[in-house]
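Student: To convert, take the position in the sequence shown, counting from 1, and add 68; that gives the numbering used here. The C-beta atom is built at its ideal place from N, Cα and C for all residues, glycine as well. Remember, it's a predicted structure, so these values are computed and weren't measured experimentally. My questions all concern the structure below.
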Amino acid sequence: MSHFIHPTALFRLSVLGPLASRSCFQHGELKTIVKEIASNRHDIPNARRTHLSEETIRRWYYAWKQGGVEGLNPKERSNKGKSALSELIKERLKALKTDNASRSINTMIDMIEQEGLVSKGTLSRASVHRFLKNISLSKRIIGNINTIERRSFVAKHPGDIWQGDVLHGPIIQTAEGLKKTYLVSLMDDASRLITHSAFCMGETALDIEGVLKSALLKRGVPDKLIIDNGPAYRSGSLQKICAHLEIRLVYCRPYEPEGKGKLERFHRTFREQFLNELDMTKIRDLGDLNARLWAWVESIYHMRIHAALKGQSPIERWRDELIQMRPLSPFFSNKIDDIFYHRCERLVRKDGTIHWDGRIFEVAHTLVGEKVTLVFNPHLKKAMSIEIKEGVSLGDVFEQDLNANLNRKRQRPHPELSSGEPQKEYGVEKAYDAYVDKLSLNEENKAEET
Numbered sequence: 069m070s071h072f073i074h075p076t077a078l079f080r081l082s083v084l085g086p087l088a089s090r091s092c093f094q095h096g097e098l099k100t101i102v103k104e105i106a107s108n109r110h111d112i113p114n115a116r117r118t119h120l121s122e123e124t125i126r127r128w129y130y131a132w133k134q135g136g137v138e139g140l141n142p143k144e145r146s147n148k149g150k151s152a153l154s155e156l157i158k159e160r161l162k163a164l165k166t167d168n169a170s171r172s173i174n175t176m177i178d179m180i181e182q183e184g185l186v187s188k189g190t191l192s193r194a195s196v197h198r199f200l201k202n203i204s205l206s207k208r209i210i211g212n213i214n215t216i217e218r219r220s221f222v223a224k225h226p227g228d229i230w231q232g233d234v235l236h237g238p239i240i241q242t243a244e245g246l247k248k249t250y251l252v253s254l255m256d257d258a259s260r261l262i263t264h265s266a267f268c269m270g271e272t273a274l275d276i277e278g279v280l281k282s283a284l285l286k287r288g289v290p291d292k293l294i295i296d297n298g299p300a301y302r303s304g305s306l307q308k309i310c311a312h313l314e315i316r317l318v319y320c321r322p323y324e325p326e327g328k329g330k331l332e333r334f335h336r337t338f339r340e341q342f343l344n345e346l347d348m349t350k351i352r353d354l355g356d357l358n359a360r361l362w363a364w365v366e367s368i369y370h371m372r373i374h375a376a377l378k379g380q381s382p383i384e385r386w387r388d389e390l391i392q393m394r395p396l397s398p399f400f401s402n403k404i405d406d407i408f409y410h411r412c413e414r415l416v417r418k419d420g421t422i423h424w425d426g427r428i429f430e431v432a433h434t435l436v437g438e439k440v441t442l443v444f445n446p447h448l449k450k451a452m453s454i455e456i457k458e459g460v461s462l463g464d465v466f467e468q469d470l471n472a473n474l475n476r477k478r479q480r481p482h483p484e485l486s487s488g489e490p491q492k493e494y495g496v497e498k499a500y501d502a503y504v505d506k507l508s509l510n511e512e513n514k515a516e517e518t
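What follows is the structure, given as structure tokens:
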């Protein structure tokens, strides 16, 4: 029966591969190989960092030379389970943590220093952490009946759930100067496929709508969309779009990002494998940045085996159950632009115009005094058409042309149509006639009396 080999020792041996496979080195060759290994990225167990120092690699090499793979086993502390803290400090730490389980180590150290129990800077975080861990109080939140229960979940089929979120991106040069970018992404929960992702100049509902439209055209229609609870995402336009397409729009509870954990994990991968490897000196504009993003997503991220997908890549998982996906029907395909247009209500002025975005548009003169709905493309800020009640379209709308109106023939009522109309009564004239009649009656009465 083979003896147990510690996983940490196996990892360290894999790092030492180029060194462990050699029995001898020429002068300076060992230093060169160690430097090369240190420059590589490593998937270090239980750590967020990805690089190792040259000193660490050399120490592991000499430990392996002396004791083989067992020499690479992690060493336990000689004073493990013991604490150098005084009993007074231990009791105070225990009381502070028991009183409020969410207290951080830094907060407790500050409180103890303010109480004068230790000098400033003498109580180390490591010592406090080891003590709390030994007495099972190291967790920030201790389970109780008031703790929110969290469970990992995964959608049964691709298209059941999409997650949407925003990540702060790099600063790029634009025509208006340096501007910050934001990565807006939509991920399919079951397959981890990025249905669409794009760098935008903002993180508003309008940016989400633009990415959603592209995702729908490429990947079909999801049953449920989970996004942040911020006010920018609670716009009426986004809710109407989802209502038209029969997408259930779900907002995460405030301060609970765990609902989009898979997308949060994608962001971590994105930072490490895309942003860290991006040569910003070659980025000309936003389009150039997005071109690199889409190339990385399609050729690298979608093709890489995902541990949570049982040895499949996101694109393989997606294709395996493509039949489960709800396609964008021909009816919605033909109306997709109209569904994503925005609408606003405007009052038609006396000159047959409406005002929007600092511009003036002309509509039929017969609509003067009525309220109409202006349909516009929010991305291009272009007015498209006019609607009245119940979404009835009156056709295209055109911006006012003052020069053309100079020679435009005005619409007037036709004489034949107006001749048969009943005589209109005017209040002032009616009062005047009554006044004159009264004066005439008074004069007649005076004449009869004489």
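#1: Starting from N445, follow the beta strand (DSSP E) in both directions and report where the run begins and ends.
#2: Three Cβ pairs or more, each shorter than 8 Å: is that satisfied between the stretch 150 to 165 and the stretch 101 to 117?
#3: Would you kindly work out how many angstroms separate the C-alpha atoms of Y301 and H374, rounded to a whole number?
#4: Which residue comes first and which comes last in the alpha helix (DSSP H) that contains A36?
#5: Go through the stretch 360 to 425 residue by residue and report every complete run of the alpha helix (DSSP H) that reaches 4 residues or more, in order.
#6: With a CB to CB cut of under 8 Å and the five nearest residues on each side skipped, what residues in its chain are close to R546?
#7: Using 8 Å as the threshold, is the C-beta distance between M393 and G245 below it?
#8: Alpha carbons only, please: which of D419, E438, V365 and Y409 is nearest the one belonging to K449?
#9: If you draw a straight line from the alpha carbon of K457 to that of R117, how long is it in whole angstroms?
#10: So T175 is in the alpha helix (DSSP H); what residue range does that whole segment cover?
#11: Near H335, which residues of its chain fall below 7 Å by C-beta distance, leaving aside the five closest residues on each side in sequence?
#12: Beta-carbon within less than 8 Å of I213's beta-carbon, same chain only, minus the 5 sequence neighbours each way: which residues are those?
#13: Less than 8 Å between the C-beta atoms of R411 and L442, yes or no?
#14: By Cβ distance, which residues of its chain are closer than 6 Å to S82, with the 5 residues on each side in sequence left out?
#15: So who's on the other strand from T242, going by DSSP bridges?
#16: Quick test of your reading: I229 and P290, contact by CB under 8 Å. State the CB separation rounded to the nearest angstrom.
#17: Could you work out which residue in Q94, I73, H119 and L415 is closest to E340 when comparing CA atoms only?
#18: Take every Cβ of the stretch 423 to 437, pair it with every Cβ of the stretch 390 to 404, and state whether three or more of those distances are shorter than 8 Å.
#19: So, is K498 buried or exposed, given that buried needs 16 or more other C-beta atoms within 10 angstroms?
#20: Just to confirm the assignment, what range does the alpha helix (DSSP H) spanning A266 have?
#21: Determine, using beta-carbon pairs with one atom in the stretch 348 to 364 and one in the stretch 263 to 272, whether at least three such pairs fall under 8 Å.
#22: Have a look at the DSSP bridge pairing and note the partners of I315.
#23: What separation, rounded to the nearest whole angstrom, lies between the Cα atoms of V465 and Q231?
#24: Assign S508 to one of three DSSP states: helix, strand, or coil.
#25: Using beta-carbon positions only, say whether P86 and I105 come within less than 8 Å of one another.
#26: For my contact list, A152 and S195 are in at a C-beta cut-off of 8 Å; report their separation, rounded to the angstrom.
#27: When we look at the beta-carbon of T249 and count the other beta-carbons within 10 Å, is it buried (16 or more) or exposed?
#28: Closer than 6 Å by C-beta to I210: which residues in its own chain qualify, once you throw out the five before and the five after it? Chain order, please.
#29: Just the C-alpha distance for F338 and G237, rounded to the nearest angstrom, thanks.
#30: Under the three-state reduction of DSSP, which class applies to D111: helix, strand or coil?
#31: Mind checking M371: buried by the 16 CB within 10 Å criterion, or exposed?
#32: Along the chain, where does the beta strand (DSSP E) containing I428 start, and where does it finish?
#33: Check this for me: beta carbons of I407 and I309, under 8 Å apart or not?
#34: In angstroms with no decimal places, state the Cα-to-Cα distance between K143 and E332.
#35: To test your reading of the DSSP string, which unbroken alpha helix (DSSP H) runs of 4 or more residues are found completely within the stretch 76 to 120?
Tutor: In brief:
#1: K439 to N445
#2: no
#3: 30 Å
#4: There is simply no residue 36 to check, as the chain begins at 69 and stops at 518 in what is shown.
#5: Listed in chain order, they are 382 to 388 and 398 to 408.
#6: Outside the displayed span of the chain (69 to 518) sits residue 546, for which this structure offers no information.
#7: no
#8: Y409
#9: Distance between the alpha carbons of K457 and R117 is about 60 Å.
#10: Annotation for T175: the continuous alpha helix (DSSP H) segment containing it runs I173 to Q182.
#11: L235
#12: Annotation note: pLDDT 47 at I213 (below 50); position unreliable, coordinate value reported separately. Excluding sequence neighbours, I213 sits near nothing in its chain.
#13: With respect to L442, R411 sits close: the two C-beta atoms are nearer than 8 Å.
#14: none
#15: G245
#16: 7 Å
#17: H119
#18: no
#19: exposed
#20: Per DSSP, A266 belongs to no alpha helix (DSSP H); it is in the beta strand (DSSP E), I262 to C268.
#21: yes
#22: According to DSSP, which records beta bridges pairwise, I315 is partnered with nothing at all.
#23: 37 Å
#24: helix
#25: yes
#26: Indeed, because the Cβ distance is near 6 Å, the residues count as touching under 8 Å.
#27: With 16 or more other Cβ atoms within 10 Å, it is buried.
#28: Here the model assigns I210 a pLDDT of 48, short of 50, so the residue's position is not dependable and the matter cannot be decided.
#29: 10 Å
#30: Coil.
#31: Counting Cβ neighbours within 10 Å, M371 comes out exposed, since fewer than 16 surround it.
#32: R427 to E430
#33: In this structure, I309 lies closer than 8 Å to I407 by Cβ.
#34: 34 Å
#35: 85 to 88 and 97 to 107
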